[in-house]
Every structure is written in structure tokens, then in C-alpha cells.
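A.B. asks: According to the numbering used here, the sequence shown is numbered sequentially starting from 287. Could you have a look at this structure, given as C-alpha cells, before my questions?
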Amino acid sequence: MTETEIRSAVKKAVEQVREKNPLAPSITNTVTQDFVANAQLAVGGSAAMLYLADECKTMAKIAPAFYINMGTAMPFYADTLPRAARALYENKTPWVLDPVGIGLSELRTDILKHFKNYKPSIVRGNASEIISLAKLWGLIDSEEGKVRGVDSTEKVSAAKEPAKALAKFTGGAVAVSGEEDFVTDGEEEIACAGGSILSTKITGSGCALGGIMAIYLAVATPFIAALTATTMFNLAGTKAAAEFGAPASFKVNFLDNLYELTAQEVADNFRVVGSMENMFDFSMQAPEFKSILG
Numbered sequence: 287m288t289e290t291e292i293r294s295a296v297k298k299a300v301e302q303v304r305e306k307n308p309l310a311p312s313i314t315n316t317v318t319q320d321f322v323a324n325a326q327l328a329v330g331g332s333a334a335m336l337y338l339a340d341e342c343k344t345m346a347k348i349a350p351a352f353y354i355n356m357g358t359a360m361p362f363y364a365d366t367l368p369r370a371a372r373a374l375y376e377n378k379t380p381w382v383l384d385p386v387g388i389g390l391s392e393l394r395t396d397i398l399k400h401f402k403n404y405k406p407s408i409v410r411g412n413a414s415e416i417i418s419l420a421k422l423w424g425l426i427d428s429e430e431g432k433v434r435g436v437d438s439t440e441k442v443s444a445a446k447e448p449a450k451a452l453a454k455f456t457g458g459a460v461a462v463s464g465e466e467d468f469v470t471d472g473e474e475e476i477a478c479a480g481g482s483i484l485s486t487k488i489t490g491s492g493c494a495l496g497g498i499m500a501i502y503l504a505v506a507t508p509f510i511a512a513l514t515a516t517t518m519f520n521l522a523g524t525k526a527a528a529e530f531g532a533p534a535s536f537k538v539n540f541l542d543n544l545y546e547l548t549a550q551e552v553a554d555n556f557r558v559v560g561s562m563e564n565m566f567d568f569s570m571q572a573p574e575f576k577s578i579l580g
């Protein structure tokens with residue numbers, strides 16, 4: 287895709303979500319359900335938080351997209367998550383996987399191994415999680431990717447090749463979150479700047495991003511969905527941090543900015559850098575944001 291085509295597709299995704307109000311149900315972290323749902327609503331989508339396997343199977347037939355976040359793993363997830371993934375695969379429903387805390391327990395490892403059979407459309411995580419998942423699925427041979435709770439011990443740059451390997455395997459897209467986010471479909475590579483350090487001071491930023499990706503996945507390709515959500519998330523975060531400098535007020539204003547951003551603002555929020563035609567640097571174009579981004 288050319289730069290113009292990507293801009294057009296991102297703009298269209300933002301517009302279509304607000305026109306169609308698509309539903310993207312979630313099995314997500316119990317600590318962050320409220321934030322995930324509110325973020326999905328703020329961008330124009332509709333939310334539903336699920337636990338039960340039969341409800342997930344039903345929603346896999348009804349919903350245009352789905353979000354699975356390993357989050358606070360429950361014993362019954364050993365049944366719910368594999369059955370949900372299988373239903374999504376059988377119904378050809380696109381879905382987002384966030385492999386939170388990969389490697390912390392046998393339950394998480396077993397479930398994530400099982401997911402390899404039901405390829406997610408988008409994988410979103412920090413660098414350590416992306417590296418660990420690529421290794422678990424036998425796509426790379428690496429000793430990197432150790433996690434510290436739900437935090438990354440690796441830089442985004444270390445996850446670029448594992449991310450591309452995952453994207454090529456699934457036929458979808460991978461988004462790596464960090465100081466500078468990275469989105470790829472295995473061929474296209476886009477670096478996304480912006481956001482705020484304050485997003486690390488509130489619970490659920492990554493979960494909310496995954497939820498928003500699922501909303502855009504209902505109307506766009508995995509690559510455009512991951513890119514649109516990441517761009518919008520970073521732009522809203524940058525704006526919120528410029529207006530409020532403390533976590534609680536930042537969180538509220540972040541949701542307000544998600545709601546108020548225009549499709550054109552999101553589509554204009556990147557520029558081509560260097561001589562690499564397929565590499566984009568997402569950064570605020572408005573003068574008031576330059577000091578924030580350095």
C-alpha cells in the first residue's frame with residue numbers, strides 16, 4: 287500500500303466505526319474491564335464482557351470481531367478460552383489476542399499453545415510478550431522475551447523480527463507496544479510515536495488498546511485495524527498529557543480525546559521518514575505537540 291492508500295484506509299476505518307457502532311466482545315483482564323469497555327465506546331464501538339464458554343461461542347457467530355486478553359487468568363479459562371478461539375476460527379470471526387503474562391504459569395502456556403491452531407487476526411503485546419509467543423509457537427529460536435509480571439524486559443526493536451514472523455504465520459498483523467510502537471503485517475513496517483508516560487501510571491492501557499483494535503477489526507483489515515487503533519491511542523494520549531499531568535485526570539481526559547478525535551486528525555498523524563518507502567513514523571504534526579515528543 288502507498289502512503290496515500292494507508293491514510294485513506296485509516297480515515298475510512300475511523301468513520302465506519304462511528305457510523306456502524308460495531309460490537310467487539312471481550313474476554314479480558316478483570317482489573318481493566320471498565321476501561322476497556324469505555325475505550326471501545328469512546329471510539330464509537332460497542333462492548334460486551336464475557337466469561338462463559340457457551341456465551342463466547344454464541345458471540346463468535348454474531349459479533350464481527352472479538353478480543354481475548356489472557357489478563358487475570360481464571361481456572362475456568364482452561365475451558366472457555368480454547369473453546370472461544372475454536373468457535374472464532376470455525377466461524378471465521380477475526381479476533382485480537384493479547385498474550386498478557388505469557389510464561390507466568392502452565393495454564394497460560396497451555397492455552398497459548400492451543401491458540402496456535404486458531405490463528406488470531408491481530409496479536410498485540412509488549413516486546414517480551416511478542417518474543418515469547420513467537421518462541422512458544424516455534425517461529426523463532428531466542429532466549430529473549432522474559433517477562434516481569436505483565437511488564438516487558440525487552441525494547442520494541444528486539445521484537446521486530448519476531449513480530450514479523452508472527453504476522454507472516456497468522457496472515458494478520460502484530461502490534462508491539464513500547465516507547466515507540468511497531469505495527470507490521472510481515473511486510474509493511476510502521477513505527478508509531480506519541481502517547482504519554484502517564485499511560486503506564488494507570489491500569490489497563492494495553493488492554494484498552496487491544497479492545498480498540500478489535501473494534502476497528504470489525505470494519506478493516508488486521509493491519510489497518512491495528513494501525514488505526516495504535517495511532518488514535520497515541521494521539522489521544524499525547525493530547526491528554528498536554529492538558530493534564532496526573533494519572534486520574536489523564537485517564538478521564540484520554541477517554542474524552544478518543545471520543546473527540548476526527549477521522550482526518552488520525553489519518554494525518556504520520557509522515558514518511560528517511561528513504562525507506564515502507565517505514566512510517568507516527569508523530570504529531572501540530573506545533574503544540576512538538577515539545578511533548580521532543
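The beta-carbon is built from N, C-alpha and C at its ideal position, and this holds for glycine as well. Treat the numbers as computed from the prediction; the structure is a model and nothing was measured.
#1: My understanding is that Asn412 touches Asp467, with C-beta atoms under 8 angstroms, so please give their C-beta distance in whole angstroms.
#2: Does DSSP classify Ser407 as helix, strand or coil?
#3: Taking 8 angstroms as the threshold (C-beta atoms), are Ala449 and Ile416 in contact?
#4: Quick one: give me the first and last residue of the alpha helix (DSSP H) that Glu474 is part of.
#5: Among the candidates Glu529, Cys493, Ala477, whose CA atom is the shortest distance from the CA of Glu465?
#6: Is Leu503 helix, strand or coil when you go by DSSP?
#7: Ile313 bridges to which residues according to DSSP?
#8: Would the beta-carbon of Glu473 be found less than 7 angstroms away from any heavy atom of the ligand SAH?
#9: On a CA-only basis, which of Ile510, Val538, Glu529 is nearest Glu289? Give me that one, please.
#10: Going along the chain, which residues of its own chain have a beta-carbon closer than 6 angstroms to the beta-carbon of Pro368, five neighbours each way excluded?
#11: Strictly by DSSP, which residues pair up with Ser463?
#12: Do the stretch 318-336 and the stretch 494-514 make contact, defined as three or more Cβ pairs closer than 8 angstroms?
#13: Within its chain, find whatever has a CB closer than 7 angstroms to the CB of Ala515; leave out the 5 residues flanking it on each side and keep chain order.
C.D. replies: Taking the definition as stated:
#1: About 10 angstroms; that fails the 8 angstroms criterion.
#2: In the displayed model, Ser407 falls within coil according to three-state DSSP, outside both helix and strand.
#3: Closer than 8 angstroms, so yes.
#4: Glu474 -> no alpha helix (DSSP H), and no H or E assigned at all.
#5: Considering only alpha carbons, the answer is Ala477.
#6: DSSP places Leu503 in helix when its eight states are reduced to three.
#7: In the DSSP output, where bridge partners are listed per residue, Ile313 has Ile354.
#8: The ligand SAH is not among the ligands present in this structure, which contains no ligands whatsoever.
#9: Taking Glu289 as reference, the option from Ile510, Val538, Glu529 with the minimal CA-CA separation is Ile510.
#10: Excluding positions up to five away in sequence, the list reads His400.
#11: Ser463 is bridged to Asn412.
#12: Judged by Cβ distances under 8 angstroms, the stretch 318-336 makes contact with the stretch 494-514, as three or more pairs qualify.
#13: In chain order, Leu495, Ile498, Met499, Tyr502 place their CB closer than 7 angstroms to the CB of Ala515, counting only its own chain and leaving out the 5 sequence neighbours on each side.
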